[in-house]
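Visitor: Take this structure, written in structure tokens, and hold onto it; I'll ask about it next.
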Amino acid sequence: MITTTHYMVLSAALFTLGVVGVMVRRNVIIVLMSIELMLNAVNINLIAFSHQLQNVVGQVFAVFIIVVAAAEAAVGLGIILAFYRNKETVNIDEMNLLRW
Amino acid sequence: MVEAAAFYILAALILGFAALVITAKSTVHSVLFLVADFLCVAALYVTLRAPFLAVIQVMVYAGGIVVLYLFVVMLVNLKRPPEAHSDPRRLSRLGVVMAGAVLAQLIAIFAVGWAKPSAVEGTLSEQNVEQIGRALYTDYLIPFELASFLLLVAMIGAIILSKREL
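Sequence order for the protein chains is A and B.
Start counting the first sequence at 2; every next residue gets the next number (the numbering used here).
Start counting the second sequence at 8; every next residue gets the next number (the numbering used here).
Below you can see the structure in the form of structure tokens.
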């Protein structure tokens, strides 16, 4: 029997993989992809609860999260392109212009 | 039984593809693994009886966002590998340890959590799209409009950011 806890553990593991990607990789495109993985983990959680409570609101919130993910991808990739045009790199360790 | 088998197979695929996304050497391979991961998550939504979300996942994530990523990966042609230069003060191992701590913490919350699941509130009917649409256009009308405004702002922002000169 698959309970909501199973889905929550899956979601936690997927979220952790996203965290590892953000912390370890230096390619900023892969860092953005890891953020997408984390947003997906949140969506799995919301839809598992929507299934458990038999309530559609969780799915509505998942739609909003997808909207935010799309906006984040568009703006984030725009920033990467603009930065690449200036410094010819996508290495996150070299993006230190704002460091004090 | 079928449900359990489907869940475990899909969970293994999702976690495996996610691990490949963050470990793949080539960024293009990473993006392709990301597509496979999103498709598996969409299949998981189908087993959770959320077919509308599954379709949206395939169309928006696997169809739209990932193509955007592929375009950027192709546009940014790198003369040297992005992982070449490493900040000496960077603590990657500590990052992995901290992520493991996050996982342990989350699992501990599930293991010792005493909150009982609340009672079933409504009913998920077979008309999934109708239910979501009704909720979106009645109770969540203002968030819906704000989301559309956010998309408009993101679109304008992306265009301005990626134009060479205005």
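Built from N, CA and C at the ideal position, the CB exists for glycine as well.
Given the structure is predicted, the values throughout are model-derived calculations rather than measurements.
Identify the contact partners of Met81 (chain B) in chain A, using a Cβ-Cβ distance below 9 Å as the criterion.
Guide: Residues of chain A passing the Cβ test: none, with the nearest at roughly 11 Å.
Visitor: Using Cβ-Cβ distances below 8 Å, what residues of the stretch 36–54 of chain A are close to chain B?
Guide: Listed by position, the residues of the stretch 36–54 of chain A near chain B (Cβ gap below 8 Å) are Glu37, Leu38, Asn41, Asn44, Ile45, Ile48, Ala49, Ser51, His52, Gln53 and Leu54.
Visitor: Are the Cβ atoms of Gly71 (chain B) and Ala71 (chain A) separated by less than 8 Å?
Guide: Contact: yes.
Visitor: List the residues of chain B that Leu11 (chain A) touches, going by C-beta distances under 9 Å, in chain order.
Guide: Within chain B, the residues near Leu11 (chain A) are Phe14, Leu17, Ala18, Ile21, Leu22 and Leu51.
Visitor: Confirm, please, whether the CB-CB distance from Met9 (chain A) to Ala49 (chain A) is below 8 Å.
Guide: Contact flag set, yes.
Visitor: Strictly under 8 Å for the Cβ-Cβ distance: is Met96 (chain A) near chain B by that measure?
Guide: Cβ-Cβ to chain B under 8 Å: no for Met96 (chain A).
Visitor: Could you round the C-beta distance between Ile21 (chain B) and Leu51 (chain B) to whole angstroms and report it? I think they count as a contact, below 8 Å.
Guide: Yes, Ile21 (chain B) and Leu51 (chain B) are in contact; Cβ-Cβ is about 7 Å, under 8 Å.
Visitor: Reducing DSSP to helix, strand and coil, say where Leu28 (chain A) ends up.
Guide: The sequence shown places Asn at residue 28 (chain A), rather than the Leu named in the question. If DSSP states are grouped into helix, strand and coil, Asn28 (chain A) belongs with the strands.
Visitor: Is it true that the stretch 153–173 of chain B meets the stretch 73–91 of chain A, where meeting means three or more beta-carbon pairs spaced less than 8 Å apart?
Guide: They touch, by the three-pair rule.
Visitor: At the level of alpha carbons, what is the spacing between Leu18 (chain A) and Ser35 (chain A)?
Guide: Distance between the alpha carbons of Leu18 (chain A) and Ser35 (chain A): 8 Å.
Visitor: First and last residue of the alpha helix (DSSP H) that includes Leu110 (chain B)?
Guide: Unbroken alpha helix (DSSP H) run through Leu110 (chain B): Ser99 to Val119.
Visitor: CA-CA distance, Leu2 (chain B) and Leu15 (chain A)?
Guide: No answer is possible for residue 2 (chain B): it lies beyond the span of chain B, which begins at 8 and ends at 173.
Visitor: Answer yes or no: does any C-beta atom of chain B fall closer than 8 Å to that of Leu99 (chain A)?
Guide: No, no contact with chain B.
Visitor: Who are the Cβ neighbours of Ile45 (chain A) in its own chain at under 8 Å, not counting the five residues just before and after it?
Guide: Closer than 8 Å at Cβ, skipping near neighbours: Tyr8, Leu11, Ser12 and Leu15.
Visitor: Go ahead and pull the three-state DSSP assignment for Asn92 (chain A).
Guide: Three-state result, Asn92 (chain A): strand.
Visitor: Tell me whether the beta-carbon of Val32 (chain A) lies closer than 8 Å to the beta-carbon of Ile93 (chain A).
Guide: For Val32 (chain A) and Ile93 (chain A), yes; Cβs fall inside 8 Å.
Visitor: At a CB-CB cut-off below 8 Å, which residues of chain A make contact with Ala43 (chain B)?
Guide: None at all; the shortest Cβ gap to chain A is about 12 Å.
Visitor: Taking the alpha helix (DSSP H) that Tyr144 (chain B) falls in, what are its first and last residues?
Guide: Here the alpha helix (DSSP H) through Tyr144 (chain B) covers Asn135 to Tyr144.
Visitor: Under the rule that 16 or more other beta-carbon atoms within 10 Å means buried, what is Phe62 (chain A), buried or exposed?
Guide: Buried, because 16 or more other Cβ atoms sit within 10 Å of the Cβ of Phe62 (chain A).
Visitor: What residues from chain A crowd round Tyr147 (chain B), counting only those whose CB sits closer than 7 Å?
Guide: Residues of chain A passing the Cβ test: Val61.
Visitor: Indicate whether Val21 (chain A) and Ala106 (chain B) have their beta-carbon atoms separated by less than 8 Å.
Guide: For Val21 (chain A) and Ala106 (chain B), yes; Cβs fall inside 8 Å.
Visitor: Cα separation between Leu148 (chain B) and Ser155 (chain B)?
Guide: Taking the straight line joining both Cα atoms gives about 11 Å.
Visitor: Does the Cβ-Cβ distance between Val38 (chain B) and Val83 (chain B) come in under 8 Å?
Guide: No, the Cβ-Cβ distance between Val38 (chain B) and Val83 (chain B) is not below 8 Å.
Visitor: For Gln134 (chain B), which residues in chain A fall below 9 Å Cβ to Cβ?
Guide: Within 9 Å Cβ-Cβ: nothing; Gln134 (chain B) doesn't reach chain A, min ~10 Å.
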